[in-house]
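S.K.:
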Amino acid sequence: MALLDRQPSTPHPQNPTMHELFDTHCHLDEDAFAHERDDVIQRAVACGVTRMLSIGTTLASSLRAVELAKVNPHVRAIVGIHPNYCVTAAEDDWAAICELARDEHVLGVGETGLDRYWDHTPIEQQLDYFRRHIELSWQVSKPFVVHCRDAEPETLALLEEMSRIQPLNGAMHSFAGSAETAAKCLELGLLLSFSGMITYKRNEALLNVARSAPLDRIMIETDAPYLAPVPMRGKRNEPAHVRYTLGVLADARQISREDLAATTTTNAIAFFQWPTAKAV
């Protein structure tokens with residue numbers, strides 16, 4: 232599903248015949264990219280993906296994401312402790328994350344949330360860290376990013392609880408929930424980010440959610456190196472592949488790839504407050 236050659240609404244700054252894309256969730260620090268990280272980023276930029284958010288899952292991962300963001304203008308970081316790793320976090324790790332979240336190269340907090348699938352961390356501890364991340368989001372005035380797997384009721388309950396304290400500024404990463412969950416997240420003020428999962432044939436219901444969500448409340452992502460979209464399924468994912476997710480979603484919504492690229496990129500730039508002069 233190739234990018235179109237017509238002049239897009241948001242042109243690539245180095246190639247005006249290509250529309251500009253934003254991968255709002257990938258894990259560039261992971262070992263899967265260890266021997267070709269720079270090449271992966273360059274391939275993404277060559278495909279129009281000029282902005283990538285590298286997401287921390289532990290303190291060490293968050294530190295690597297920030298270091299990468301400091302040396303590459305196309306990358307910024309999100310820092311936090313993934314729910315599956317809260318149980319192994321050292322005593323001082325959270326204080327370090329709080330300090331790191333204030334770095335200018337960090338555009339958000341997470342990924343946080345709840346995971347009942349792996350259930351590595353006791354749910355009470357996951358809930359504790361989920362609250363901490365949202366509170367940190369408020370403190371640093373940066374959005375939070377939510378991981379939710381097999382835990383929709385608990386996730387919604389926590390989000391509702393926190394929304395009664397202060398308005399939420401968050402996004403559901405790789406959204407895979409029901410239409411009812413999507414509606415509740417939107418009601419709470421969250422954005423929905425869709426990954427390559429919407430390209431899978433068995434996920435027609437999820438594609439329907441992505442098709443009907445308000446255009447100004449959606450973003451796209453890869454979750455690379457995971458969740459490679461069709462036709463790359465079964466291979467290692469990378470940010471360049473976000474164009475396949477864009478193509479499927481554009482076709483489902485019966486709008487042009489250019490228009491959807493412009494919308495999702497604009498949404499993500501505004502939501503994460505990415506300095507527009509940085510991605511060149």
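Its first residue numbered 232, the sequence shown is counted upward by one per residue in the working numbering.
Cβ coordinates follow ideal geometry from the N, Cα and C atoms, glycine included.
None of the values given here were measured: they were computed from a predicted structure.
How many angstroms separate the CA atom of S424 from the CA atom of G401?
M.R.: Start at 1 with the first residue of the sequence shown, and residue 424 comes out as number 193. Start at 1 with the first residue of the sequence shown, and residue 401 comes out as number 170. In a straight line, the C-alpha of S424 is about 10 Å away from that of G401.
S.K.: Identify, in the order they occur along the chain, each residue of the same chain with its Cβ nearer than 7 Å to the Cβ of V276, setting aside the five sequence neighbours on each side.
M.R.: To locate residue 276, count along the sequence shown from 1; it is residue 45. Same-chain partners within the cutoff: H305.
S.K.: Note the first and the last residue of the continuous beta strand (DSSP E) segment covering H256.
M.R.: Here residue 256 refers to the residue found at position 25 when the sequence shown is read from its first residue. Residues 252–257.
S.K.: Identify, in the order they occur along the chain, each residue of the same chain with its Cβ nearer than 8 Å to the Cβ of E383, setting aside the five sequence neighbours on each side.
M.R.: By 1-based counting over the sequence shown, the position of residue 383 is 152. Answer for E383: G408, S409, T412, listed in chain order.
S.K.: Identify whether I354 lies in helix, strand or coil by the three-state DSSP scheme.
M.R.: By 1-based counting over the sequence shown, the position of residue 354 is 123. Three-state DSSP puts I354 in a helix.
S.K.: Whole angstroms are fine: how far does the CA of I451 sit from the CA of V440?
M.R.: Numbered from its first residue, the sequence shown carries residue 440 at position 209. Numbered from its first residue, the sequence shown carries residue 451 at position 220. V440 and I451: Cα-Cα distance of roughly 13 Å.
S.K.: Compute the distance between the beta-carbons of A332 and G311, then report whether it is under 9 Å.
M.R.: Indexing the sequence shown from 1 puts residue 332 at position 101. Indexing the sequence shown from 1 puts residue 311 at position 80. Yes, they are a contact pair.
S.K.: Using the beta-carbon count (16 or more within 10 Å), is T507 buried or exposed?
M.R.: Translated into positions along the sequence shown, residue 507 becomes position 276. It counts as exposed.
S.K.: By DSSP's criteria, L345 is part of a beta bridge. Which residues make up the other side?
M.R.: Start at 1 with the first residue of the sequence shown, and residue 345 comes out as number 114. C379, per the DSSP bridge assignment.
S.K.: Check F502 in the structure and name its three-state DSSP category.
M.R.: Counting from 1 along the sequence shown, the entry for residue 502 is found at position 271. Looking at F502 - three-state DSSP - the assignment turns out to be helix.
S.K.: Per DSSP, I309 is paired with what?
M.R.: As a working mapping, residue 309 is identified with position 78 in the sequence shown. Bridge partners of I309: I286, G339.
S.K.: Is T453 helix, strand or coil by DSSP?
M.R.: What you label residue 453 is simply residue 222 of the sequence shown in a count that begins at 1. Residue state, collapsed to three classes: coil.
S.K.: Between which two residues does the alpha helix (DSSP H) carrying A410 extend?
M.R.: By one-based count along the sequence shown, residue 410 stands at place 179. Element bounds for A410: 410–418.
S.K.: Helix, strand or coil for D262, going by three-state DSSP, please let me know.
M.R.: The residue you call residue 262 lines up with position 31 of the sequence shown. In the structure shown, D262 sits in a helix (DSSP, three-state: H, G or I).
S.K.: Among E330, G287, V376, D254, which residue has its Cα nearest to the Cα of G279?
M.R.: Within the sequence shown, numbered from 1, the residue matching residue 279 stands at position 48. Closest by alpha carbon: D254.
S.K.: Name the DSSP bridge partner or partners of G401?
M.R.: Residue mapping note: residue 401 aligns to position 170 of the sequence shown, counting from 1. According to DSSP, G401 bridges with F375.
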